[in-house]
Amino acid sequence: MPEPAVMPAAASAPISLPDLFAAFNGLTVLIVGDVMLDAYVWGKAARLSPEAPVPVVTVSRTEQRLGGAANVALNVQALGATPLLCAVIGDDQGGDQLLELLHTTGLAPDGMVRSSYRPTTVKQRILAHGQQLLRIDSEVETDLNSTENADLTARFEQLLARADVVVFEDYDKGVLCEASIQHFISLAQQRGIPTVVDPKKKNFLAYRHCTLFKPNLKELREGLGVAFDDADQPAFEAAVARLRELLTPDNVLVTLSERGVFVENGSFTKTYIPAHLRSIADVSGAGDTVISIAALCVALGMPAPVTAALANLGGGLVCEQAGVVPIEKSLLLAEAQETGLVL
21 MPEPAVMPAA ASAPISLPDL FAAFNGLTVL IVGDVMLDAY VWGKAARLSP EAPVPVVTVS
81 RTEQRLGGAA NVALNVQALG ATPLLCAVIG DDQGGDQLLE LLHTTGLAPD GMVRSSYRPT
141 TVKQRILAHG QQLLRIDSEV ETDLNSTENA DLTARFEQLL ARADVVVFED YDKGVLCEAS
201 IQHFISLAQQ RGIPTVVDPK KKNFLAYRHC TLFKPNLKEL REGLGVAFDD ADQPAFEAAV
261 ARLRELLTPD NVLVTLSERG VFVENGSFTK TYIPAHLRSI ADVSGAGDTV ISIAALCVAL
321 GMPAPVTAAL ANLGGGLVCE QAGVVPIEKS LLLAEAQETG LVL
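Each residue of the sequence shown is one higher than the one before, starting from 21 at the first, in the numbering used here.
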């Protein structure tokens, strides 16, 4: 069995919240996985089409935003750290637009692989009068071919030497597969670099021996093929125990939606952290914020309950804003101080 990643010594960990947030600035985070382009078309729908019983949308504006693993990179950047994005996109218009957005937002394209064999994942949303009428997904979910995988691996290996922590951002779009996941985790372990995972269903059981594994309740159920009610704590904890048997992660962090988060550290100490009362505008992107904060805390050797508490605060904060937006570092620090979070 591979040796666990060597974590930073506890004595070197920040001793106050301002110290912790200042330490974020010195970190570099390698994010590997599925990137996508979130496209929005806003307009007005005042009549039905004469061609079919569907609304006619008169377009008023359009916008493209970075999504998937690229949104995690934006969150890491917003927290003051340096993100390194490693992914595969198409040699197409969507890929051109995504690279342009990386340039505009100051994200380096060094780890991006372009392929003529698969399209860039684009999710286009048609909205009118504050409602989403339609979403059009342009994507494939097949695994990378041998050439694409070799190119991705080469980029990952080049960037790994600069990383303090690796984030696996898996959306089941085919960029990550079991073989590459295990290879990447092994390479990180050899360098003593912790690995943090935001999983989906297809590769759920591939992330063996990672440092922190962060599913939500739906992903936990689907990944293990088990069913339990949200309020059934014994069944939930049994599922976490089964997860540990299969993956042997150092830490498990489960987001529980409106009930907050659960974390279990390497000593099997369980901690439930309730959600804070908020006015929820949009839950989109909250998971990206949670994994970004968790990764930075793991890189600095913070205790699992502190990592979970801060990530819980950050995920809640972004839910107060409409749309997928990165966390605001100053707001997160202020809220952490107001709630009395102790390191």
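Note that CB positions come from ideal geometry on N, CA and C, so glycine has one too. Here the structure is a predicted model, which means the values were calculated and not measured.
According to the DSSP secondary-structure assignment, residue 58 is paired through a beta bridge with 85 and 143. Exposure of residue 250 is indicated by the presence of fewer than 16 other C-beta atoms within 10 angstroms of its C-beta. Secondary structure at residue 327: helix, using DSSP grouped into helix, strand and coil. The continuous stretches of beta strand (DSSP E) do not include residue 125, which lies in the alpha helix (DSSP H) extending over residues 113-125. For the pair of segments examined, the segment 144-154 was found not to touch the segment 102-120: the number of CB pairs separated by less than 8 Å stays below three. Straight-line measurement puts the Cα of residue 274 at about 14 Å from the Cα of residue 288. Contact check for residue 175 against residue 106 passes: the beta carbons are separated by less than 7 Å. By the 16-neighbour rule on beta-carbons within 10 angstroms, residue 123 is exposed.
For residue 112, the closest of 136, 99, 102 and 93 by C-alpha to C-alpha distance is 136. When C-beta atoms of the segment 352-359 are compared with those of the segment 35-47, three or more pairs fall below 8 Å, so the two segments count as touching. Look at the beta carbons and you see the segment 61-71 not touching the segment 190-200: under three pairs across the two are nearer than 8 Å. If you check the CB distance, residue 96 and residue 312 come in under 7 Å. Taking the Cβ atoms as the reference, residue 103 lies roughly 11 Å from residue 86, outside the contact range of under 8 Å.
As the crow flies, the alpha-carbon of residue 293 is around 12 Å from that of residue 361. For residue 347, same chain residues with a beta-carbon under 8 Å away, outside a window of 5 residues either side, are 95, 98, 99, 309, 312, 313, 334, 337 and 338 in chain order. Straight across, the Cα-Cα distance linking residue 168 with residue 131 is about 12 Å.
Closest by C-alpha distance to residue 140, out of 322, 90 and 101, is 90. When DSSP states are grouped into helix, strand and coil, residue 201 belongs to the helix group. Burial of residue 190 is indicated by the presence of at least 16 other C-beta atoms within 10 angstroms of its C-beta.
For residue 286 and residue 233, the gap between their C-alpha atoms comes out near 12 Å. The distance from the Cβ of residue 192 to that of residue 221 is about 6 Å, consistent with a contact at the 8 Å cut-off. Taking the Cα of residue 207 as reference, the smallest distance to any Cα among 188, 226, 180 and 224 is reached at 180. Straight across, the Cα-Cα distance linking residue 330 with residue 156 is about 35 Å. Counting only the Cα atoms, residue 255 lies some 6 Å from residue 248.
Here the alpha carbon of residue 290 sits roughly 11 Å from the alpha carbon of residue 261. With fewer than 16 other beta carbons inside 10 angstroms of its own, residue 154 counts as exposed. According to the DSSP assignment, residue 44 belongs to the alpha helix (DSSP H) that extends over 37-44.
Taking every protein chain shown into account, the CB of residue 271 has 16 or more other CB atoms within 10 angstroms, so this residue is buried. Straight-line spacing of the CA atoms in residue 56 and residue 178 works out to 22 Å. Annotated three-state conformation of residue 157 is strand, per DSSP. In this structure, the straight-line span from the alpha carbon of residue 216 to that of residue 322 is close to 14 Å. In this structure, residue 187 lies near residue 315, with their beta-carbon atoms less than 7 Å apart.
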